[in-house]
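Protein chains: 2
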Amino acid sequence: MDNVDRRIIAALRTNGRVTYADLGRQVGLSASAVHERVGKLETAGVITGYHAVVDPTLVGLGVTALVSIHPTDTADDEDVAAELAELPEVESCYRVAGDEAFVVKVRVATVDALELSLGRLRRIKGVARTRSTVVLSTRFEGRPNVSDVDEPADGNAG
Amino acid sequence: MDNVDRRIIAALRTNGRVTYADLGRQVGLSASAVHERVGKLETAGVITGYHAVVDPTLVGLGVTALVSIHPTDTADDEDVAAELAELPEVESCYRVAGDEAFVVKVRVATVDALELSLGRLRRIKGVARTRSTVVLSTRFEGRPNVSDVDEPADGNAG
DNA sequence: ACTGAAAGTCTATGTCT
DNA sequence: AGACATAGACTTTCAGT
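So, in structure tokens, the structure goes:
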């Protein structure tokens, strides 16, 4: 993982559909060299995928909520996580430190759908109670944190 | 927005680097037709971008925290949001209903860096206090919610 | 809105340095 | 690890329906 890799990653986080040829121009390598590096980054699990991002309101998912999930005394984390994964409206799922077991992000069409979803969440074995925070607006989301990538490539491959 | 569009979106959410030729095969259209549809979805703002997703631990960002930001009585939401946007470690920022003004997701390298980041957050004008929840593990994140897309295309363009 | 064709570009692989 | 060559695939545009 040298600076060239970091710049490739930054470029792909910014534009996941950039061509290898373009990437090569950006980092000063041939397309085939970039192709090889990206392949290795994918194989190594550094790059886990490429995804289109969609405006949720324009696809009928205008209601977002952050839901804290408090476990029962006898709850099994893995079982709870597995059941959360079954619910398509649960977009993200974090196991957290503190009173709650999980914090999940739920995305649904309407507040009615949110109510139904919360009902499903509460019915999961191991869930004692939930606490919902409705998102009024998403200022930004999933921004790439590309701190130290602006430097020129150093050429010293790792 | 017909079923074909929804299937195209679902495919691009799953694999943002899929080719138009492939997409065409998946939805039963020519590559040029798909190209045109995707262009329209982008122009309409339905598809807002394409991004590579990276394993945070493998790029030196192993510590994630969800931070509730409680405002002062005189806080200006927009100013606070603008200042949050300046901090690269703040990956997502939600304006929420309830006691807190914002919930943000912070991604940093170490707990020391988290402490520094929380200091920066608290120093923002309009921030009264913060409440941090450290993420122990991310079970899944940003999953596509593609509910009603498995049906065959109906061919009735909107 | 879609198809099909055509020109240019890119990918993916192999060889060589 | 990367450059270069290349065959096949893909993109992008345009005329036609």
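Each protein sequence line maps, in turn, to chains L and C. Here the first sequence stands for residues 1 to 158, where the numbers follow the working numbering. Here the second sequence stands for residues 159 to 316, where the numbers follow the working numbering. Backbone N, C-alpha and C define an ideal beta-carbon position, used for all residues, glycine too.
{"Query": "Helix, strand or coil for Thr230 (chain C) per DSSP?", "Result": "coil"}
{"Query": "Give every residue of the same chain whose Cβ lies closer than 6 Å to the Cβ of Ala75 (chain L), excluding the five residues on either side of it in the sequence, and list them in chain order.", "Result": "Gly126"}
{"Query": "According to DSSP, Lys263 (chain C) sits in a beta bridge with which residue or residues?", "Result": "C:Leu224 and C:Ser250"}
{"Query": "Can you tell me whether Asp270 (chain C) is buried or exposed? The criterion is at least 16 other CB atoms within 10 Å of its CB, across all chains shown.", "Result": "exposed"}
{"Query": "Take Val221 (chain C) as the anchor and find which of C:Val176, C:Glu200 and C:Ser275 has the nearest alpha-carbon.", "Result": "C:Ser275"}
{"Query": "Listed in chain order, which residues of the region 9-43 of chain L have Cβ atoms closer than 8 Å to some Cβ of chain C?", "Result": "Ile9, Leu12, Arg13, Thr14, Asn15, Gly16 and Arg17"}
{"Query": "Taking 8 Å as the limit between beta carbons, can you name the residues of its chain near His228 (chain C), skipping five residues before and five after?", "Result": "Asp257, Glu258, Ala259, Val285, Ala286, Arg287, Thr288 and Arg289"}
{"Query": "Check each residue of the region 77-100 of chain L: if its Cβ is closer than 8 Å to any Cβ of chain C, include it; give the result in chain order.", "Result": "Ala81, Leu84, Ala85, Pro88, Glu89, Val90, Glu91, Ser92, Cys93, Tyr94, Arg95, Val96, Ala97, Gly98 and Glu100"}
{"Query": "Hey, quick one: how far does the alpha helix (DSSP H) through Ser190 (chain C) stretch, first residue to last?", "Result": "Ala189 to Thr201"}
{"Query": "Pick from L:Arg6, L:Leu114 and L:Ala85: whose alpha carbon is nearest that of Gly300 (chain C)?", "Result": "L:Ala85"}
{"Query": "Could you check whether the region 185-196 of chain C touches the region 32-51 of chain L, counting it as contact only if at least three pairs of C-beta atoms, one from each stretch, sit closer than 8 Å?", "Result": "no"}
{"Query": "In whole angstroms, what is the alpha-carbon distance linking Asp312 (chain C) and Met159 (chain C)?", "Result": "Residue placement at Asp312 (chain C) cannot be trusted, given a pLDDT of 38 that sits under 50; what the coordinates show is reported in the next sentence. Cα to Cα, Asp312 (chain C) sits roughly 12 Å from Met159 (chain C)."}
{"Query": "Assign Thr268 (chain C) to one of three DSSP states: helix, strand, or coil.", "Result": "coil"}
{"Query": "Considering Val238 (chain C), what are the terminal residues of the beta strand (DSSP E) in which it resides?", "Result": "From DSSP, Val238 (chain C) is part of no beta strand (DSSP E) but of the alpha helix (DSSP H) over Asp235 to Glu244."}
{"Query": "Rounded to whole angstroms, how far is the Cβ of Tyr252 (chain C) from the Cβ of Val135 (chain L), which I believe are closer than 8 Å?", "Result": "5 Å"}
{"Query": "Quick one, are the C-beta atoms of Val248 (chain C) and Val264 (chain C) less than 8 Å apart?", "Result": "yes"}
{"Query": "Note down, in chain order, each residue of its chain lying with its Cβ closer than 8 Å to the Cβ of Thr268 (chain C), except the 5 sequence neighbours on either side.", "Result": "Gly220 and Val221"}
{"Query": "When you compare the CB positions of Arg175 (chain C) and Arg17 (chain L), do they come within less than 8 Å of one another, or not?", "Result": "yes"}
{"Query": "For Ala11 (chain L), count neighbouring Cβ atoms within 10 angstroms of its own Cβ and tell me buried if that reaches 16, exposed if not.", "Result": "buried"}
{"Query": "Is the Cβ-Cβ distance between Thr133 (chain L) and Ala65 (chain L) less than 8 Å?", "Result": "yes"}
{"Query": "Looking only at its own chain, which residues have a Cβ that is under 6 Å from the Cβ of Ser250 (chain C), when we skip the five neighbours before and after it?", "Result": "Lys263"}
{"Query": "Measuring alpha carbon to alpha carbon, tell me which of L:Ile8, L:Val59, L:Asn15 and L:Leu114 ends up nearest Lys40 (chain L).", "Result": "L:Ile8"}
{"Query": "Applying the criterion that 16 or more other CB atoms from any shown protein chain within 10 Å of the CB defines a buried residue, is Ser226 (chain C) buried or exposed?", "Result": "buried"}
{"Query": "Exposed or buried, what is Arg164 (chain C) when buried is set at 16 or more other beta-carbons lying within 10 Å of its beta-carbon?", "Result": "buried"}
{"Query": "Out of L:Thr19, L:Thr57 and L:Tyr20, state which residue places its alpha-carbon closest to the alpha-carbon of Gly203 (chain C).", "Result": "L:Thr57"}
{"Query": "Just how far apart, CA to CA, sit Val185 (chain C) and Val212 (chain C)?", "Result": "28 Å"}
{"Query": "Which partner residues of Tyr208 (chain C) appear in the DSSP bridge assignment?", "Result": "L:Ala52"}
{"Query": "Return helix, strand or coil for Ala315 (chain C), following the three-state DSSP convention.", "Result": "For Ala315 (chain C), the predicted structure reports a pLDDT of 36, less than 50, and the residue's modelled location is therefore unreliable. The matter cannot be settled from this model."}
{"Query": "According to DSSP, is Leu61 (chain L) helix, strand or coil?", "Result": "coil"}
{"Query": "Terminal residues of the continuous beta strand (DSSP E) containing Arg287 (chain C)?", "Result": "Val285 to Phe298"}
{"Query": "Whose CA, out of L:Asp22, L:Glu115 and L:Pro88, lies closest to the CA of Pro302 (chain C)?", "Result": "L:Pro88"}
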